[in-house]
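Participant: Before we start, here is the structure in question, set down as structure tokens.
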Amino acid sequence: MAADEPLVLGIETSCDETGVGIVRGTTLLADAVASSVDTHARFGGVVPEIASRAHLEAMVPTIERALKEAGVSARDLDGIAVTSGPGLAGALLVGVSAAKAYAYALGKPLYGVNHLASHICVDQLEHGPLPEPTMALLVSGGHSSLLLAPDITSDVRPLGATIDDAAGEAFDKIARVLNLGFPGGPVIDRLAKEGDPASIAFPRGLTGPRDAPYDFSFSGLKTSVARWIEAKRAAGEEVPVRDVAASFQEAVVDVLTRKAVRACKDEGVDHLMIGGGVAANSRLRALAQERCERAGVRLRVPRPGLCTDNGAMVAALGAEMVARNRRPSDLELSADSSLPVTEPHVPGADRGHAQSHGHGHAHDHDHDHVHEISKDNLYS
1 MAADEPLVLG IETSCDETGV GIVRGTTLLA DAVASSVDTH ARFGGVVPEI ASRAHLEAMV
61 PTIERALKEA GVSARDLDGI AVTSGPGLAG ALLVGVSAAK AYAYALGKPL YGVNHLASHI
121 CVDQLEHGPL PEPTMALLVS GGHSSLLLAP DITSDVRPLG ATIDDAAGEA FDKIARVLNL
181 GFPGGPVIDR LAKEGDPASI AFPRGLTGPR DAPYDFSFSG LKTSVARWIE AKRAAGEEVP
241 VRDVAASFQE AVVDVLTRKA VRACKDEGVD HLMIGGGVAA NSRLRALAQE RCERAGVRLR
301 VPRPGLCTDN GAMVAALGAE MVARNRRPSD LELSADSSLP VTEPHVPGAD RGHAQSHGHG
361 HAHDHDHDHV HEISKDNLYS
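Counting in full-length UniProt numbering, the sequence shown runs from 1 upward without gaps.
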């Protein structure tokens, strides 16, 4: 870790976790997370209004905890990065508003970055700089995507995506049918280890010769599993929960890994990065490793704690933006719940990068809501 590498704080609030990370270059210094998942569990899913309020309450304490963990002052930062999309609009707005306030008050450049691109970039914190291009399989509660990234800061190309349910969403829905609670991914992963993945032949969506080679579909699988369970219950038979979990999980990871390895071969890429919350699934990791080894593809998967939503991934992408001299965002930056992955970050208008040097020109807008903040009152 070199002292001249960019020191960046990242804020992530796209869903139900308030994440604040601090990195220097590709070295992780702090990764503080405040999760509201337990609050949402009784509703069986994330409630946007509750998530937004939880972010609001957790923001300042989580930032303070990250700065203390990293052993740095806010004034030492070279930039502040924040997830500006995609995600829940209200939740994103809390993070973006906080980042804008800190950036203005500290006179630091602001970088609004893409949630999905951040999931790719976080791997740099564990395995070093990303190869170019990078092939990435991102799987989470909201996304199942195959992406090719020649340049993670400016060029991310979608090869395929889910046409209905995301993989993580399917895990949650099947867990609900099995009365396993929320979130469903971890408990299904645990139970599947005690079941037989070959016991039930559940369908593999979009794997026919005429189907889109890189797209995913898990809605049909979800319906098939639910109907199988309903039939068992209607017949008065006991549902073999562990076998169902194992067979369902195998159907999901079989399709994910098969298509990802195929994309690597077709594009001539000799490595595969897997990210997103579902990348913490033990069977997905094992099958991906097995298939990658057979295909001569090197697998890169961050540790589970870096796969789920976190501020470290946002800080990692922000540090890369600083290192490559990408244009900062304006203080007019807004939350964009449908920000396309083809936009790794949201650059501002070219005004000579005035805001990145703290010259005070970035707040000359009548609608700016942070101009009353005193820079001397935030952090020393």
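We put the beta carbon where it would ideally sit given N, CA and C, even for glycine.
Does the stretch 98-110 come into contact with the stretch 30-44, if we say contact requires no fewer than three beta-carbon pairs (one atom in each stretch) closer than 8 Å?
Facilitator: no
Participant: Using CA atoms only, rank isn't needed, just tell me which of Ala263, Asp196, Val239 and Phe182 is closest to Ser145.
Facilitator: Ala263
Participant: Got a sec, what are the start and stop residues for the alpha helix (DSSP H) Ala263 sits in?
Facilitator: Val241 to Glu267
Participant: Go through its chain and collect everything with a Cβ distance to His369's Cβ below 7 Å, but skip five positions before and after it.
Facilitator: Any reading at His369 needs caution, since the residue's pLDDT is 34, under 50, leaving its predicted position unreliable; the model's value is listed next. Around His369: no qualifying Cβ.
Participant: If I follow the unbroken beta strand (DSSP E) through Arg210, where does it start and stop?
Facilitator: Careful: Arg210 lies outside any beta strand (DSSP E) and carries neither H nor E.
Participant: So, under 8 Å CB-CB, Pro344 and Val156 are touching, yes? Tell me the CB distance rounded to an integer number of Å.
Facilitator: 5 Å
Participant: Output needed for Ser282: all residues of its chain with C-beta closer than 7 Å, excluding positions within five of it in sequence on either side, in chain order.
Facilitator: Once the five neighbours on either side are set aside, the close Cβ partners of Ser282 are Asp189.
Participant: Please report the distance separating the alpha-carbon of Thr18 from that of Gly311.
Facilitator: 8 Å
Participant: What is the residue span of the alpha helix (DSSP H) that Ala323 lies within?
Facilitator: Gly311 to Ala323
Participant: Please tell me whether Ala54 and Thr39 are closer than 8 Å, where the distance is taken between their beta carbons.
Facilitator: yes
Participant: What are the partner residues of Leu7, as DSSP defines its beta bridges?
Facilitator: Arg24
Participant: Suppose only complete runs of 3+ residues qualify. What are the beta strand (DSSP E) ranges in the stretch 48-106, listed by chain order?
Facilitator: 79-85
Participant: Could you tell me if the beta carbon of Asp31 falls within a distance shorter than 7 Å of some heavy atom in the ligand ADP?
Facilitator: As for the ligand ADP, it is missing from this structure, which has no ligand bound.
Participant: In the DSSP assignment, find the unbroken alpha helix (DSSP H) run with Gly184 in it and report its ends.
Facilitator: Gly184 to Ala192
Participant: Taking a contact to mean a Cβ-Cβ separation below 8 Å, would you say Leu333 touches Lys100 in this structure?
Facilitator: yes
Participant: Do the stretch 269-280 and the stretch 303-323 make contact, defined as three or more Cβ pairs closer than 8 Å?
Facilitator: Contact between the stretch 269-280 and the stretch 303-323 is present: 3 or more CB-CB pairs across the two stretches fall below 8 Å.
Participant: Within 10 Å of its beta-carbon, does Glu169 have 16 or more other beta-carbons around it, so buried, or fewer, so exposed?
Facilitator: Classification of Glu169: buried, given that the 10 Å Cβ count is 16 or more.
Participant: Just to confirm, is the Cβ distance from Gly181 to Phe171 under 8 Å?
Facilitator: no
Participant: What's the gap between the Cα of Ala288 and the Cα of Leu299?
Facilitator: 8 Å
Participant: Whose CA, out of Ser14, Leu284 and Asp215, lies closest to the CA of Ser247?
Facilitator: The shortest C-alpha separation from Ser247 is found at Leu284.
Participant: Please report the straight-line C-alpha distance between Val297 and Arg258, rounded to a whole angstrom.
Facilitator: 13 Å
Participant: Ignoring anything shorter than 4 residues, give me the alpha helix (DSSP H) runs that lie fully in the stretch 132-188, in order along the chain.
Facilitator: 167-177
Participant: Can you have a look at Val46 and say buried or exposed, based on whether 16 or more other CB atoms are within 10 angstroms of its CB?
Facilitator: buried
Participant: Verify whether the separation of the beta carbon atoms of Ala136 and Val252 is less than 8 Å.
Facilitator: no
Participant: Using DSSP bridges, identify the partner residues of His345.
Facilitator: Val113
Participant: Within its chain, find whatever has a CB closer than 7 Å to the CB of Asp196; leave out the 5 residues flanking it on each side and keep chain order.
Facilitator: Asp243 and Ala246
Participant: Could you pull out every residue in the same chain whose Cβ sits closer than 6 Å to the Cβ of Ala161, ignoring the five residues on either side in sequence?
Facilitator: Closer than 6 Å at Cβ, skipping near neighbours: Ser145.
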